[in-house]
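A.B. asks: The opening position of the sequence shown corresponds to residue 161 in my numbering, with each subsequent residue numbered one higher.
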Amino acid sequence: MKITSISSVAMAALLLAACGGGAEPDASTTPETPETGNATEDQSYYSLDTDQSRVHWKGVMLGVKEHSGDLKFKPGSYVALSDGRIVGGELIVDMSTMTATDDWTYTEDYSREKLVGHLSSPDFFDVANHGEARLVLGTQKGNEVSGELTVRGKTNSESVTELEIRADDNAMKGVAKLVFDRQNYDVTWSTGAQDMVLSDDIELTAEIKAYKK
């Protein structure tokens, strides 16, 4: 996928959709947040609402056909803010939640379920052995944040771009994009020739809603 401000995340053709509108989450449903014993007075920790956050993935084949879909975050995902800017955090994507949502003309022989099954196989994301993808966030500069992305047990430095954040004393919304080279994470089709028809870039767009601890 060529998981954003959030967000593990096409997952193969992957992984991290602009922050959607809609009603603000009910604060009474605020999920538990991670331990923040190392927090400083000027930092606030926001725990992701996994029901209202997602990663949209997109991958391209032959430069013309593309597949896209969604992934969900796992509990424990959080973002740390200081003066309204990201200063840390960890986003954990549940790879077993991958879905395909594109409008490609599917058939019984080539269904969305079969596409997701193939992307989840050892040919690509090997979800049975690597059920999580993670993005550890650094410090925001402008509308970008550095991060360490882990997919299939491989970790590389990446940049989260097009970052937009809105936060108050109770909640935050964020959206961002991340484009990574799948070859750097061994997300490669072992057939070789067939792998060449897939773009190396996987695009992730993450949208999050989170609550302050």
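Each residue gets a CB set at the ideal place from its N, CA and C atoms; glycine is no exception. Source: prediction; values computed, not measured.
Near SER213, which residues of its chain fall below 6 Å by C-beta distance, leaving aside the five closest residues on each side in sequence?
C.D. replies: For the purposes of this step, residue 213 is taken as the residue at position 53 of the sequence shown. Contacts found: PHE233, ILE368 and LYS369.
A.B. asks: Please state if the CB of LEU251 and the CB of LEU295 are separated by a distance shorter than 8 Å.
C.D. replies: On the sequence shown, position 135 is the one that residue 295 refers to. On the sequence shown, position 91 is the one that residue 251 refers to. A contact, by the Cβ cut-off of 8 Å.
A.B. asks: Quick check: ALA366 and VAL247, are their CB atoms within less than 8 Å of each other?
C.D. replies: Reading the sequence shown from its first residue, position 206 is the one you call residue 366. Reading the sequence shown from its first residue, position 87 is the one you call residue 247. No, Cβ-Cβ distance for ALA366 and VAL247 is not below 8 Å.
A.B. asks: Kindly confirm or deny that the segment 277-294 and the segment 317-330 touch, where touching means at least three C-beta pairs closer than 8 Å.
C.D. replies: no
A.B. asks: If the criterion is Cβ atoms closer than 8 Å, does the pair ASP254 and GLU292 meet it?
C.D. replies: The count along the sequence shown starts at 1 and reaches residue 254 at position 94. The count along the sequence shown starts at 1 and reaches residue 292 at position 132. One thing to note: ASP254 has its Cβ within 8 Å of the Cβ of GLU292.
A.B. asks: Are the Cβ atoms of TYR238 and TYR266 separated by less than 8 Å?
C.D. replies: Taking the sequence shown and counting its residues from 1, the one referred to as residue 238 is at position 78. Taking the sequence shown and counting its residues from 1, the one referred to as residue 266 is at position 106. Here TYR238 is not near TYR266, since their CB atoms are 8 Å or more apart.
A.B. asks: Just the C-alpha distance for MET221 and ILE362, rounded to the nearest angstrom, thanks.
C.D. replies: Taking the first residue of the sequence shown as 1, we reach residue 221 at position 61. Taking the first residue of the sequence shown as 1, we reach residue 362 at position 202. Rounded to the nearest whole angstrom, the C-alpha separation of MET221 and ILE362 is 11 Å.
A.B. asks: Would you list the residues sitting across from GLY219 in a DSSP beta bridge?
C.D. replies: The sequence position of residue 219 within the sequence shown is 59, counting from 1. In the DSSP output, where bridge partners are listed per residue, GLY219 has HIS227.
A.B. asks: My assumption, with CB atoms under 8 Å, is that THR257 sits in contact with LEU231. Please give the rounded CB distance.
C.D. replies: For the purposes of this step, residue 257 is taken as the residue at position 97 of the sequence shown. For the purposes of this step, residue 231 is taken as the residue at position 71 of the sequence shown. Right, their Cβ atoms sit about 6 Å apart.
A.B. asks: Going along the chain, which unbroken runs of the alpha helix (DSSP H) with 4 or more residues stay wholly within the segment 254-341?
C.D. replies: 272-280
A.B. asks: Go ahead and pull the three-state DSSP assignment for VAL347.
C.D. replies: For the purposes of this step, residue 347 is taken as residue 187 along the sequence shown, with counting starting at 1. It is coil, neither helix nor strand.
A.B. asks: Considering Cα atoms alone, identify which of SER228, THR210, SER317 and TYR345 is closest to PRO235.
C.D. replies: Taking the sequence shown and counting its residues from 1, one reaches residue 235 at position 75. Checking every option, the nearest Cα to that of PRO235 belongs to THR210.
A.B. asks: Can you give me the Cβ contacts of THR261 inside the same chain, cut-off strictly under 7 Å, excluding the 5 residues immediately before and after it?
C.D. replies: The residue you call residue 261 lines up with position 101 of the sequence shown. Excluding positions up to five away in sequence, the list reads SER228, GLY229 and ASP230.
A.B. asks: Nearest to GLY276 by CA position, among LEU297, LYS301 and LYS218, is which residue?
C.D. replies: Reading the sequence shown from its first residue, position 116 is the one you call residue 276. The question names Gly, but residue 276 in the sequence shown is Val. Residue LYS218 is the option with its Cα nearest to VAL276.
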